[in-house]
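> If you're matching positions, the sequence shown starts at 67 in the working numbering and goes up one per residue.
Idealized CB from N, CA, C, for every residue including glycine.
Given the structure is predicted, the values throughout are model-derived calculations rather than measurements.
Handing you this structure, nothing more for now.
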Amino acid sequence: MAGFPILRLPSKPLRLLFQTMDVYYLVSISFNSKFAKSIVESLNLRANNIILTMSTIISIDVQLNTLESLSFKVSEIGLRKFLDHILDIFHQQKVSQLTISSYDYQSIIEEFDSLNIETLHFTSPYMDTFHGNLLKRCSWNFDELLLSCFSPRVQDFQAVTCCNFKNIMIKQDESIKLEDLLVSNISEILMHTLLPLTDICLFLKHWINGSNQWLEILIMYAQNGSNLDEFTTIALNGIDYQKPPTDGKLDDFEVFNIRRKDGTAATITLFNSPRYPKYVKLNVCS
67 MAGFPILRLP SKPLRLLFQT MDVYYLVSIS FNSKFAKSIV ESLNLRANNI ILTMSTIISI
127 DVQLNTLESL SFKVSEIGLR KFLDHILDIF HQQKVSQLTI SSYDYQSIIE EFDSLNIETL
187 HFTSPYMDTF HGNLLKRCSW NFDELLLSCF SPRVQDFQAV TCCNFKNIMI KQDESIKLED
247 LLVSNISEIL MHTLLPLTDI CLFLKHWING SNQWLEILIM YAQNGSNLDE FTTIALNGID
307 YQKPPTDGKL DDFEVFNIRR KDGTAATITL FNSPRYPKYV KLNVCS
């Protein structure tokens, strides 16, 4: 405590003093001792998001509910201890987003064990050993995987979709093949890929016959230029579907009900805006 004489004050006046201080200084002081940390925690500081970014440097950004932001550069050594401390003083149970580039942090992969993450964001064009190992170790620890620069080599993409996490968002327009989707264990899939109507048809037929049993929501774009007649003729070719009754024609979307052989029902919604590429949403009814 020699570096912070104010910590010699009794708890009550010290807490009142801390309430007047800038949050950045409070974070710094909280690392001084367990006592200082407990006082800072008692201030009930809150953050909207805590983002861990790992590129050529490691940084932790804390977005406060006052719209203020704090940023800390962190060493590989002691990363998890520092991060857990930040989560504690801001009363957060998980990291909002972990963003990882192509830089290799395999040497500290154990630091991510049991770390709860809302969104794991890969910005690397391709997966390397570190990315693959991280998915294997932590697939139950995060809610969503975001791939923003991903170029889906078959072995890479299928390694991703075979993992048992909840949600994947693929912000990439390169073609993703039908077989990549069919091996998926993911419950929610959102992809910006433009799929041929014939592939949509084949996927739906496989789903009806029992594939992708964990799937709850799938959103995918239909190929440019397709209209409603083409969708029903090609994408729904050979599929037994029902259209629910409506009071009038819905110009912006069309709905089709289908059922899997085991009795599971699903709704297909074709969003039919002339200004944007059409996209298809499959909702599996629980």
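Please state whether DSSP places F138 in a helix, a strand or coil.
strand
> Quick one: any contact between the stretch 86–105 and the stretch 114–122, if contact means 3 or more CB pairs under 8 Å?
no
> Spatial neighbours of M67 within its chain, please: C-beta separation below 6 Å, excluding the five flanking residues on both sides.
Unreliable positioning characterises M67 in this predicted model, as indicated by a pLDDT of 44, which lies under 50. The coordinate reading is nonetheless provided below. Only L73 meet the Cβ criterion.
> Count Cβ pairs between the stretch 134–144 and the stretch 158–165 that sit closer than 8 Å; are there 3 or more?
Not touching, per the Cβ criterion.
> Round the Cβ separation of L263 and A301 to the nearest angstrom and send it over; I've been treating them as touching at under 8 Å.
4 Å
> Just to confirm the assignment, what range does the alpha helix (DSSP H) spanning S99 have?
Note, S99: premise wrong, no alpha helix (DSSP H); not H, not E.
> Report the rounded CA-to-CA distance for L149 versus I126, giving the unit in angstroms.
8 Å
> Would DSSP call R112 helix, strand or coil?
coil
> For R326, which residues of its own chain have a beta-carbon under 6 Å away from its beta-carbon, when the five flanking residues on both sides are left out?
I274
> Alpha carbon to alpha carbon, how far is Q85 from I174?
36 Å
> Would you decide whether Y90 is buried or exposed? Buried here means 16 or more other CB atoms lie within 10 Å of its CB.
exposed
> State buried or exposed for N303, treating a residue as buried only when at least 16 other CB atoms are found within 10 Å of its CB.
exposed
> Starting from the N-terminal side, write out each stretch of the beta strand (DSSP E) that is 3 residues or longer and does not extend beyond the stretch 238–276.
254–261
> Where does R325 sit, in a helix, a strand or coil, going by DSSP?
strand
> Report buried or exposed for S180, applying the criterion of at least 16 other Cβ atoms within 10 angstroms of its Cβ.
exposed
> From the DSSP secondary-structure annotation, give me the bridge partner or partners of T165.
T119, H187
> Let me check one thing: in DSSP terms, what residues is N199 bridge-paired to?
By DSSP's assignment, N199 forms no beta bridge with any residue.
> Over the uninterrupted alpha helix (DSSP H) stretch that includes D150, give me the two end residues.
145–155
> Under the assumption that T185 contacts L212 (Cβ atoms under 8 Å), give the Cβ distance between them as a whole number of angstroms.
6 Å
> Could you work out which residue in L92, D318, N182, S250 is closest to L336 when comparing CA atoms only?
D318
> Considering just the uninterrupted stretch of the alpha helix (DSSP H) at L82, what are its terminal residues?
77–84
> With DSSP run on the structure shown, which of helix, strand or coil describes Y287?
strand
> Between N207 and I183, which are expected to be in contact by the criterion C-beta below 8 Å, what is the C-beta distance as a whole number of angstroms?
A Cβ-Cβ distance of about 6 Å is found for the pair N207 and I183, placing them in contact under the 8 Å criterion.
> For L302, does the three-state DSSP call read helix, strand or coil?
L302: coil per DSSP, three-state reduction.
> Take the Cβ of A331 as the centre, count every other Cβ of all protein chains shown within 10 Å, and call the residue buried at 16 or more, exposed below.
Taking all protein chains in view, the Cβ of A331 is surrounded by fewer than 16 other Cβ atoms within 10 Å, so the residue is classified as exposed.
> Based on DSSP bridge pairs, tell me the residues matched to L213.
F188, I236
> Please say whether T312 and N323 have beta carbons closer to each other than 7 Å?
Cβ distance not < 7 Å, so N323 and T312 don't count as in contact.
> Quick check on this structure: which residue in F297, G329, S137, L281 has the alpha carbon closest to the alpha carbon of E320?
Comparing alpha carbon positions, the residue from F297, G329, S137, L281 closest to E320 is F297.
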